[in-house]
Amino acid sequence: MKYRTLKSISPCLAEFLADYLRSNPLPGGVLVCVPLHPRRLRERGYNQSGLLARELGRHIDLPVIEDCLIRVKQAQPQVRAANVEERRKNVTDAFVCRDERVKGKQVILIDDVCTSGATLESCAAALKSRGATSVWGLTLARETYN
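With positions in the sequence shown counted from 1, the corresponding number in the working numbering is that position plus 1430.
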């Protein structure tokens, strides 16, 4: 979906996430997707995590808060980082929550793949800095990292 412009499969993939949440509920009242840097968004033309979040929101009837979490630091793609420490440094201070729409809310943070968890951690810190009461990460895939 991410690298081959397969946006059309996002409803099917979101159904996998919805099925998971029906069996393994997470405390959450809103969905927020991991954002792309504006330059990467222009290159790709879409945010795969945003597609998943919007489709998932339709399946489980949760609102999606868009454009409150933004990526302010352009860095190399996480997949190119050599190790976990490099991944953490790569996303340190990379995200900012620019308003308080998440204040007092339990957030489910949507991303396509989790490898080290560094991106989710950095996004969660930004959301909590604006008053999110909890942030749970939900990803379509988990890649093990050696």
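All C-beta atoms in this analysis are idealised placements derived from N, C-alpha and C, irrespective of residue type, glycine included.
Check whether the Cβ atoms of residue i and residue j lie closer than 7 Å to each other.
i, j, result
"Arg1501", "Ala1524", "yes"
"Gly1480", "Leu1461", "no"
"Gly1561", "Glu1516", "no"
"Gly1475", "Gln1536", "no"
Please name the residue in the options whose C-alpha comes closest to that of residue i.
i, options, result
"Leu1466", "Val1565, Ser1546 and Gln1504", "Gln1504"
"Ile1538", "Pro1493, Asn1520 and Ala1548", "Pro1493"
"Val1464", "Gly1561, Gly1547 and Thr1563", "Gly1547"
"Arg1518", "Asn1454, Ser1453 and Ser1552", "Ser1552"
"Glu1496", "Arg1528, Cys1442, Thr1522 and Val1514", "Arg1528"
"Thr1435", "Leu1471, Ala1556, Leu1550 and Glu1485", "Leu1471"
May I ask you to list the residues that DSSP assigns as paired with residue i?
i, result
"Cys1463", "Ile1540"
"Arg1571", "Correcting the residue identity first, residue 1571 is Ala in this sequence and not Arg. Beta-bridge pairing links Ala1571 to Val1543."
"Leu1499", "Cys1527"
"Ser1564", "Gln1536"
"Glu1494", "First, the amino acid is wrong: residue 1494 is Val here, not Glu. Beta-bridge pairing links Val1494 to Leu1461."
Round the Cβ separation of residue i and residue j to the nearest angstrom and send it over; I've been treating them as touching at under 8 Å.
i, j, result
"Leu1456", "Trp1566", "5 Å"
Validate contact between the region 1539-1547 and the region 1563-1576 using beta carbons, cut 8 Å, 3 pairs = yes
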